[in-house]
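Heads up: the structure comes next, in structure tokens.
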Amino acid sequence: MSDEPKRRRSLSHVGGHTDTAGPRAEAEKLAHALDVAPATDADDDPARSHVHGFHTYPARMHPTTAARLVRAFSPPGGKVFDPFCGSGTVLVEALLAGRAALGSDLNPLAVRLARCKTRPRTEPEVEYLVARAAEVVQHAEDRRRARAGATRRYPPEDVDLFDPHVLLELDSLRSKIESLPDEPTTLDLALVLSAILMKVSRRPGDTSGAVVMRKIRAGFASKLFMQKAEDWATRLGAFSRALPSPPPPRGDVSLDDATVLKAPRDEVADAVITSPPYAATYDYLYHHELRLRWLNLDAGMLARGEIGGRAAYRRMNEDDGPAAWAWELSRFLKAVRRVLKPGAPLVLVAADSAVRNVAIRADEIAADVAPGCGFNPVARASQSRPHFHEPSAAAFRTRPRFEHALLLRRSSPS
Ligand SMILES: C[S@@+](CC[C@H](N)C(=O)[O-])C[C@H]1O[C@@H](n2cnc3c(N)ncnc32)[C@H](O)[C@@H]1O
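In this note's numbering, the protein residues as written are 4 to 417.
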């Protein structure tokens, strides 16, 4: 932590016990960002407001956390960079707060989502999107009535995952979307298709391998597609109207490896606010395999460069987990240092995880590796979170599992 004497305080909140360290003003801003009360009413839930509620994404940041961090750690009009932008939560909140938003991710589905979510739309654009969706649905309905066959051969994974009539309907929706001219609306409609895929499948969600048998009527997939397209249009309209005036420059989102960062210019960012993968917890490549394939997105870079992947950590000796994460995090910190202005803040939202009985403490590892990568650890807030994974319960017996907001600052050039 910084030269200031270390203070430790404890706050108790709905989300669990919060422990802080570092200078009081900064630690309290971090604690406030984590302290998000669960919504009592689905209609009033910030996690589902406007574009945030459109498409699922594993380990999304809570929009209230993102909004508070953006306002606390970046200057008005400044540039916020999220190099693990996922579905774009930080970028959306940065734009709403009048900041310029720069983002990247190695998952092409994330890049597609973040780009579409951060692009403001005019009323005519929103109406055009709904009209195009209606054309797609009409095409699928015509093919269904004509009992037309599939336009391509589907692999066994798809045959196992969907009822035959659902697969045929999805095929018609997809082939019509692919035939549309290459324009932003086509990208939106492909995301609408992605948003309904799981709901008409035999899988409960991206991160579950379970099987559910749903009874899906003929025509339901098309109906759901239309409802989702209308919902997306409404959400895009609401987001666009909520932007400040004059609106900040458009979000700029690219496919980039956060441990390399080819895209951004040197010292372009006033703040980095991001949430790296939670080590050993998710496999984005595997979770999104279906969506990536249905959207014809090339996942080659993700396959080669995803960090923190659960399967890779599961194959390790459990004692090697913390060192592996220290190495992956260091590669990211060294890459991102170049993009930040000297002295500028880097806020990491990260949770503890485990490989079998050995905990990977996100806060301790970040504090250990940061100085060697050109960052000074400044403050942190850590809120306890339940741990549901029974096989690694022993890892959190002595200290609970925490979600952390960690503030580092880029050291000045030496
Ligand atoms: C915790 S999620 C970020 C979620 C995001 N904050 C949101 O609200 O949707 C971590 C992200 O890291 C990405 N990722 C994994 N390895 C990466 C790498 N080497 N470079 C860039 N992104 C990577 C994953 O694709 C995933 O989107």
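Note that beta-carbon positions come from the ideal geometry of N, C-alpha and C, so glycine has one too.
For S107, the enclosing beta strand (DSSP E) stretches over residues A103 to D108.
Each residue's CA atom was taken as its position, placing S52 and W235 some 11 Å apart. Judged by pairs of C-beta atoms under 8 Å, the segment 297 to 313 touches the segment 193 to 206, as three or more such pairs exist.
According to DSSP, S257 shares a beta bridge with S107.
For L109, the shortest C-beta to heavy atom distance toward ligand 1 is below 8 Å.
Comparing alpha carbon positions, the residue from A384, A103, S178 and D355 closest to P252 is A103. With distances taken between CA atoms, A382 lies nearest to L411 out of L411, S356 and A369. Distances from the CB of G311 to the heavy atoms of ligand 1 include at least one below 8 Å.
Using a 10 angstroms sphere on the CB of K265, the tally of other CB atoms stays under 16, which defines it as exposed. Here M64 is buried: its Cβ has 16 or more other Cβ atoms, across all protein chains shown, within 10 Å.
The DSSP-derived three-state label of G19 is strand. No heavy atom of ligand 1 is found nearer than 8 Å to the CB of D185. Of the residues assessed, V95 falls on the buried side of the cut-off, its CB having 16 or more other CB atoms within 10 angstroms. Around the CB of H20, fewer than 16 other CB atoms lie within 10 Å, so the residue is classed as exposed. A heavy atom of ligand 1 is found nearer than 8 Å to the CB of L305. If you ignore the 5 residues before and after F399, its C-beta comes within less than 8 Å of the C-beta of D355, A357, A362 and H390, all in its own chain and listed in chain order. The beta-carbon separation of V169 and F228, rounded to 12 Å, does not stay under the 8 Å limit for a contact. About 24 Å separates the Cβ atoms of L190 and T277, ruling out a contact at the 8 Å cut-off. Within the DSSP secondary-structure output, L409 pairs in a beta bridge with L351 and R383. In this structure, T92 has its CB closer than 8 Å to one or more heavy atoms of ligand 1. In the pairwise beta carbon analysis, the segment 303 to 315 is classified as touching the segment 109 to 126: at least three pairs are separated by under 8 Å. Boundaries around D174 are those of the alpha helix (DSSP H), P167 to S182, since no beta strand (DSSP E) includes it. With contacts defined as CB atoms closer than 9 Å, P86 and G56 fail to qualify as a contacting pair. The beta-carbon separation of A274 and G81, rounded to 7 Å, stays under the 8 Å limit for a contact. One thing to note: Y285 has its Cβ within 9 Å of the Cβ of G312.
Under the DSSP assignment, D85 falls in the beta strand (DSSP E) whose first and last residues are K82 to D85.
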